[in-house]
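One structure is given below, encoded as structure tokens.
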Amino acid sequence: MPSPSSTAPEGVTLVITERVRSSQVEPYEAWARGVHALLGQQPGFLGLHVLRDPSGPVPEYITLLRFASQEALDAWRTNPAYQAALRELPGFTASDVDYREARGLEAWFDLPGSLPAPPLWKNIVVGFVGVYPLILLFSYLCGFFTEGWPWWAAIIPSAFLATVFLNWPVLPLLSRLLRRWLYPAQRS
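Position one of the sequence shown corresponds to residue 199 (my numbering), numbered consecutively onward.
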């Protein structure tokens, strides 16, 4: 069972790594969809992303659950429906489940398990490659609506949209595309 941490600040991601027995992939995915439906009803839940790696001998699933606060994550951990679902999980998995809390962008770069985190400079390069085009795009698109606003206020819609798109579709995609560069020790 995941253990809470009192050190996580506002906004936290629960990173869950599960190695699923090959014979249990379909039942596990059906179980996971049920848990994800429960999450949609949880106050303070912001979103989720699932990374699936079927390439190894045992399929691995890395699920990132984003919560607005540590309190929201703690409430999810004690949710009776989630507790009941957790009791079913060992029937699908091939090893212990790894639970880890992450803050900010570290959830995308510091994958659990035996892989070391990429160097900070690589994280910065990937972040820049992701954020710069978003800033250009949203500054251009929002410029039509924010014309005449003070400069500091005109930036707000662009910054918000760039942050949203960076955290959900862009960084997961970039980390997948650049995985060999970010984690060269994993190359076979």
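We put the CB at the ideal spot given by N, CA and C, even for glycine.
Can you list, in chain order, the residues of its chain with a C-beta nearer than 7 angstroms to that of A436? Leave out the 5 residues immediately preceding and following it. Residue 436 lies beyond the range of the chain shown here (199 to 386); nothing can be said about it.
Is it a yes or a no for the stretch 271–283 touching the stretch 216–224, going by three-plus beta-carbon pairs under 8 angstroms? no
Nearest to P355 by CA position, among F343, V256, W366, N365, is which residue? Start at 1 with the first residue of the sequence shown, and residue 355 comes out as number 157. Comparing Cα positions, the closest option is F343.
Exposure of A351, with buried meaning 16 or more beta-carbon neighbours within 10 Å: By 1-based counting over the sequence shown, the position of residue 351 is 153. With fewer than 16 other Cβ atoms within 10 Å, it is exposed.
For D296, which residues does DSSP report across the bridge? Here residue 296 is taken as the residue at index 98 of the sequence shown, counted from 1. Partner(s): T215.
So H247 packs on P370, CB below 8 angstroms; how close in whole Å? The residue labelled residue 247 in the question sits at position 49 within the sequence shown. The residue labelled residue 370 in the question sits at position 172 within the sequence shown. Contact flag correct, Cβ pair sits at about 5 angstroms.
Starting from L263, follow its DSSP beta bridges and name the residues at the other end. Within the sequence shown, numbered from 1, the residue matching residue 263 stands at position 65. Bridge partners of L263: L212, L246.
If you check the beta carbons only, do A292 and V218 fall under 8 angstroms apart? Counting from 1 along the sequence shown, the entry for residue 292 is found at position 94. Counting from 1 along the sequence shown, the entry for residue 218 is found at position 20. Result yes, Cβ atoms of A292 and V218 sit closer than 8 angstroms.
Decide if F290 is buried, meaning its Cβ has at least 16 other Cβ atoms within 10 Å, or exposed. Looking up residue 290 in the sequence shown gives position 92. With 16 or more Cβ atoms within 10 Å of its Cβ, F290 is classed as buried.
Please report the straight-line C-alpha distance between I333 and P288, rounded to a whole angstrom. What you label residue 333 is simply residue 135 of the sequence shown in a count that begins at 1. What you label residue 288 is simply residue 90 of the sequence shown in a count that begins at 1. Their Cα atoms are separated by approximately 44 angstroms.
Quick check: the Cα distance between N321 and H234, rounded to an integer number of angstroms? Against the sequence shown, residue 321 aligns to sequence position 123. Against the sequence shown, residue 234 aligns to sequence position 36. Spanning the two alpha carbons is a distance of roughly 29 angstroms.
Candidates V256, A360, L380, of which the one nearest P317 by Cα: Numbered from 1 along the sequence shown, position 119 holds the residue referred to as residue 317. Selected option, being the one with the closest Cα: L380.
Just the C-alpha distance for P367 and A282, rounded to the nearest angstrom, thanks. Taking the first residue of the sequence shown as position 1, residue 367 is located at position 169. Taking the first residue of the sequence shown as position 1, residue 282 is located at position 84. C-alpha separation (whole angstroms): 31 angstroms.
Report yes if the C-beta distance between L364 and V324 is below 8 angstroms; otherwise report no. Here the question's residue 364 lines up with position 166 in the sequence shown. Here the question's residue 324 lines up with position 126 in the sequence shown. In this structure, V324 does not lie closer than 8 angstroms to L364 by Cβ.
Helix, strand or coil: which one does DSSP assign to E345? Residue numbering aside, residue 345 sits at position 147 when the sequence shown is read from its first letter. Note: E345 maps to coil in three-state DSSP.
Can you have a look at S373 and say buried or exposed, based on whether 16 or more other CB atoms are within 10 angstroms of its CB? One-based indexing of the sequence shown puts residue 373 at position 175. So S373 counts as buried.
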